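Residue numbers (the numbering used here): 10 to 458.
Here a beta-carbon is modelled for each residue, glycine too, at the ideal position from N, C-alpha and C.
Predicted model only: the values in this text are computed from it and were never measured.
Worksheet: the structure to be examined is printed underneath.
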Ligand SMILES: Cc1cc2nc3c(=O)[nH]c(=O)nc-3n(C[C@H](O)[C@H](O)[C@H](O)COP(=O)(O)O)c2cc1C
């Protein structure tokens, strides 16, 4: 057993998550098997096992997996031994393959860097389709005859839960778990407008300016939705028609949530949401003008879509997460795209997220008992202090707040925190001083009205 353990721990130097192509993480049963085996070790055996791992590997999970330790039985030792030998045997080949691939990858790195550089000469040094007089391609796909079309509601500002741009930007983060709550059509309409909404257009719908910028205003994307839970829409695949502010129902898909999660390399939250945004690129829209330079511009453009989605979500108590790790073939198949003239480039699940109940502002008298030193979890620049249920919170805009951790005046040490806050009351005015890394960065006083 110990020999097998030693082999396994050596293997762990290759990759601490993937052994022989087997992923050890929370979503895979292999991890459970592995932990089950660890649980059969005595504490001494476990310590021996863990001591064989390289020092830079976080062993906490292995230790947790080995809770409830009891002496290991002969049978269990046999299973453990066999399992480790299996993993070790297969990994010898895997290692060789990995090493060969690594040489190739290193060679390609320099070549790939070129994609990141600007080179606006290609399109000047060749006859482009634009200069050849070929008609500009349509900026929106056509709706097939007889398709089910839904006209989206105009933007209704009553849906906003947060209108402070500072708060939207400051609260933005990637959200990977959503409430089991439907999105309304108004909310969806706002998110579609925020990511691709047309503001000005030519009469033939071939030129537009939108809520996102695009190199040469070429707008090379189509927006598809995997609708799971949106009020008024049956589940299935839809496409947004930005020039008409409409959704076209394309087709239903059995088991859509699971298929979406699977296509995102088993990131299940990508399907466990109200609606998954799936953006495709039609490269020719850009190539018509920019030929070889299109590649970089399309990638730059795609970032704008998703960032606008993040910010717009924050304004309506929704959340999203940019998804770049997905299976190209599975997503193209899910949308029935040909994978050459049009293919998926970016994905983002959207759902409702929890927002704390509106906080109650305190009077100075109520606040007196909270005087002391607090630790902030982040470098805080907003000022409003709120109390609820015996704790102090700082507000970062309507509906968004974080608790201040009381550390008490005597226990205070600057080394403990990035940012600390002292809160004191003098007569009817209160004073707050924020220190970041030992320097006062904000002093604020207020008086009861
Ligand atoms: C291009 C891109 C691709 C990403 N792909 C994934 C992904 O496949 N899965 C995931 O969970 N997060 C993904 N993310 C989210 C990042 O992990 C996240 O933005 C980062 O950890 C910073 O966290 P924040 O967005 O909360 O600030 C991606 C982000 C970007 C910009």
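Reference residue i, options the options, closest by Cα
i, options, result
"residue 125", "312, 308, 381, 316", "308"
"residue 295", "56, 142, 148", "148"
"residue 7", "208, 243, 380", "The shown model of the chain, from 10 to 458, leaves out residue 7, and the question about it has no answer."
"residue 262", "52, 431, 381, 345", "345"
"residue 353", "287, 362, 300", "287"
"residue 260", "178, 158, 186", "158"
"residue 146", "401, 291, 269", "291"
"residue 313", "196, 185, 221", "221"
"residue 232", "120, 315, 136", "315"
"residue 215", "234, 253, 179, 197", "253"
"residue 156", "256, 172, 142, 357", "256"
"residue 348", "293, 364, 323, 327", "293"
"residue 342", "167, 269, 414", "269"
"residue 356", "185, 168, 217, 123", "185"
Alpha-carbon to alpha-carbon, residue j and residue i
i, j, result
"residue 280", "residue 433", "48 Å"
"residue 127", "residue 162", "40 Å"
"residue 111", "residue 190", "45 Å"
"residue 140", "residue 298", "8 Å"
"residue 258", "residue 109", "47 Å"
"residue 350", "residue 133", "23 Å"
"residue 329", "residue 282", "9 Å"
"residue 175", "residue 181", "10 Å"
"residue 379", "residue 331", "40 Å"
"residue 289", "residue 321", "20 Å"
"residue 192", "residue 267", "19 Å"
"residue 277", "residue 265", "12 Å"
"residue 178", "residue 323", "8 Å"
Exposure of residue i, with buried meaning 16 or more beta-carbon neighbours within 10 Å
i, result
"residue 75", "Note that residue 75 has pLDDT 44, beneath the 50 cutoff, so the model's placement of it is unreliable and the number below is only indicative. So residue 75 counts as buried."
"residue 151", "exposed"
"residue 340", "buried"
"residue 183", "exposed"
"residue 325", "buried"
"residue 237", "buried"
"residue 360", "buried"
"residue 305", "buried"
"residue 219", "buried"
"residue 239", "buried"
"residue 187", "buried"
"residue 195", "buried"
"residue 285", "buried"
"residue 212", "exposed"
Anticipated Cβ contact below 8 Å, residue i with residue j, distance rounded
i, j, result
"residue 229", "residue 302", "No, residue 229 and residue 302 are not in contact; Cβ-Cβ is about 13 Å, not under 8 Å."
"residue 362", "residue 431", "Between residue 431 and residue 362 the Cβ distance is about 32 Å, and since that is not below 8 Å, they are no contact."
"residue 200", "residue 318", "6 Å"
Contact between the stretch 334-347 and the stretch 269-276 (3+ Cβ pairs under 8 Å):
yes
Pair every Cβ in the stretch 241-258 with every Cβ in the stretch 195-210, then say whether three or more of these pairs are closer than 8 Å.
yes
With contact counted as at least three CB pairs below 8 Å, one residue from each stretch, are the stretch 232-248 and the stretch 163-176 in contact?
no
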